[in-house]
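Below is one structure, written out as structure tokens; the observations come after it.
Numbering (my numbering), first residue to last: 6 to 415.
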């Protein structure tokens, strides 16, 4: 278009700050087998995105573990007409546990292909066959695959470990070293028709994550600990737990970074609740990580995804002071909103993000800019320590009160 000789033109500045859309780390991918699922609706090894409340889609999953995972997620979304955004990948059930696990591993090893296939990136992974191990000296193959791959899509995974005993659960947790896995040391007992059966707990925890995000404005910065789990008939075993006694089995499992569910008890000091089943767990399977707790890691992932969206608009444009200022203003605006919303405690001020010592002329000439971006997400409140003593001023106040009353006696 040529400029008019007599007339007018309009142009738009490209270096003004722009807002970006909110992220969503609440989408779930479920990778599991189902013998009697519809081959038409859910062909093997093919990702398909559904709503967990879609009755027809859920019915097409058949009656196996894949359908139970969706039920476990949906059971936690018990308010209004809520549902989870779930991607299903149906795998083939093998003749042996090894074969079934291998089919799941094959999908996990290519998990980076799922977002493009369904136009959604899952932030929560539920995979089958994680509680099984060939022996006590061998890492579960699905767990090994999760550790190697889910960080590529910034996802987390609640994983079932051996629920038969505390020792076996702890032994399984000791095979893990990923800050993206949350071991769960008890299985769910649920009604299926007129029978009570044992099913994995991981999908129930995934549903709890979705519920917590939804209740927090679809933001992943809130802890899921000390919240009820719904849809249970019982637990695979009763785990003794008390808020006052660190020697109880439940406390020992929590100390080993294994999440649990505990039964409520009326009239018991230190009980987790008066009734129902309560989830307890905060930490991931890598306690020396920068963000050891689930909500801290997911909050950091959320910020990373927002930084991606903010930065991509500026890449390839000419490097100027207004451009860099606009970029940093957009970042600060995002972090300011998170702080005002109570999601983070604070962040690096703009004046400290871009520093001369980290941005030498040689780097700038190459088009490379480095920002130092820090943020702090509050830890979960895990223990209250009370120091009790007598309060002498109260007695002194009593004496003064008595003296004041006696002065009025004639």
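Beta carbons: idealized from backbone N, C-alpha and C, even for Gly.
{"query": "Cβ pair residue 351, residue 381 closer than 8 Å", "result": "yes"}
{"query": "Any alpha helix (DSSP H) of 4 or more consecutive residues that is wholly inside the stretch 289-368", "result": "299-317, 326-345 and 355-358"}
{"query": "Entirely enclosed beta strand (DSSP E) segments - the stretch 173-251, minimum 3 residues", "result": "186-189, 193-197 and 200-204"}
{"query": "Nearest-angstrom Cβ-Cβ length linking residue 242 and residue 191, presumed shorter than 8 Å", "result": "7 Å"}
{"query": "Pair within 8 Å by beta-carbon distance, residue 372 and residue 324", "result": "yes"}
{"query": "Close beta carbons around residue 88, own chain, < 8 Å, minus the five adjacent residues each side", "result": "56, 57, 58, 59, 79 and 82"}
{"query": "Nearest to residue 33 (by Cα), restricted to the options 161, 8 and 141", "result": "161"}
{"query": "Sufficient close CB pairs (3 or more, under 8 Å) joining the stretch 311-323 to the stretch 348-366", "result": "no"}
{"query": "Simplified DSSP assignment, three categories, for residue 256", "result": "helix"}
{"query": "CB contact flag (residue 214, residue 119, <8 Å)", "result": "no"}
{"query": "Beta carbon of residue 250 nearer than 8 Å to that of residue 256", "result": "yes"}
{"query": "Buried/exposed call for residue 290, threshold 16 Cβ in 10 Å", "result": "buried"}
{"query": "Segment limits, beta strand (DSSP E) that includes residue 95", "result": "90-96"}
{"query": "Given 8 Å, three or more beta-carbon pairs between the stretch 201-209 and the stretch 220-231", "result": "no"}
{"query": "Inter-residue CB distance, residue 127 and residue 158 (contact presumed, cutoff 8 Å)", "result": "7 Å"}
{"query": "Backbone CA spacing between residue 175 and residue 265 [nearest angstrom]", "result": "12 Å"}
{"query": "Residue nearest to residue 218 in terms of C-alpha spacing, selected from 31, 96, 25 and 26", "result": "31"}
{"query": "Start and end residues, beta strand (DSSP E) containing residue 165", "result": "162-165"}
{"query": "For residue 387, the first and last residue of its enclosing alpha helix (DSSP H)", "result": "Residue 387 -> no alpha helix (DSSP H), and no H or E assigned at all."}
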